[in-house]
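Quick note: the sequence shown uses my numbering, first residue 32, plus one each step.
For every residue, glycine included, the Cβ atom is placed at its ideal position computed from N, Cα and C.
In this text, all values refer to a predicted model and were calculated from it rather than measured experimentally.
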Amino acid sequence: MLKLIVPVLLVVLIAACVSQTPDNAQQNQTSVTPPAGWQELPPQPPATGLKEFSVIIGHTFYSPSTFTVNKGDTVRFLANAAKGTGTESGLNHNHGMTIDAYGVNQAVAVEDVNNPVVIEFVADRAGEFTIYCKTCLDGPFGTNHPAIQAKLIVNG
Ligand SMILES: [Cu+2]
């Protein structure tokens, strides 16, 4: 019995769809008729511009730890060491931001959010790039320093 019902149901469903198609097509055509003078725009590239981020670098973290931009954007980090972690607080090493693919390698010793270290570059290649702290690794801790990392995502 079930073997018979399934094909019958399918036929009914298909018939219902087919019978509605002309109506739907007509409605759709009517609803998308462009107004007079309307022109279709060519595909637009993603908007590019300046993307500015305030970054705090701690002994064990970047905050925030993910930065997302579009290819072609100018990226500007306004970077500070977290309170108590820079040389201003007597700690014996600096922190910083390094992005190998973009040639960025900048120590960040200041702890004044009103006077940050400015790191700026054009994100001209798409992909995911690791931000790490070469300044820490080159300092007295060496590879024993916590491997602080963040991520730059450049959408192409
Ligand atoms: Cu550190």
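- Here DSSP, grouped into helix, strand and coil, assigns residue 132 to helix.
- Around the CB of residue 147, 16 or more other CB atoms lie within 10 Å, so the residue is classed as buried.
- Residue 102 and residue 187 do touch by the CB rule: their CB atoms are close to 5 Å apart, below 8 Å.
- Exposed is the label assigned to residue 149, since fewer than 16 other Cβ atoms lie within 10 Å of its Cβ.
- Rounded to whole angstroms, residue 181 and residue 75 show a C-alpha spacing of 30 Å.
- By DSSP's assignment, residue 107 forms a beta bridge with 83 and 151.
- The count of Cβ pairs closer than 8 Å, one atom from the stretch 121 to 135 and one from the stretch 151 to 171, reaches three, so the stretches are in contact.
- Judged by beta-carbon spacing, residue 156 lies within the 8 Å limit of residue 132, meaning their Cβ atoms are closer than that value.
- When only Cα atoms are considered, residue 174 and residue 71 end up about 56 Å apart.
- One alpha carbon belongs to residue 161, the other to residue 64, and they sit about 48 Å apart.
- Cβ atoms of residue 109 and residue 92 stay farther apart than 8 Å, at about 17 Å.
- A straight-line Cα-Cα distance of about 32 Å links residue 114 and residue 158.
- Separation of the CB atoms of residue 139 and residue 112 is rounded to 5 Å, and the pair is thereby assigned contact status at 8 Å.
- The straight-line gap separating the alpha-carbon atoms of residue 145 and residue 68 is approximately 51 Å.
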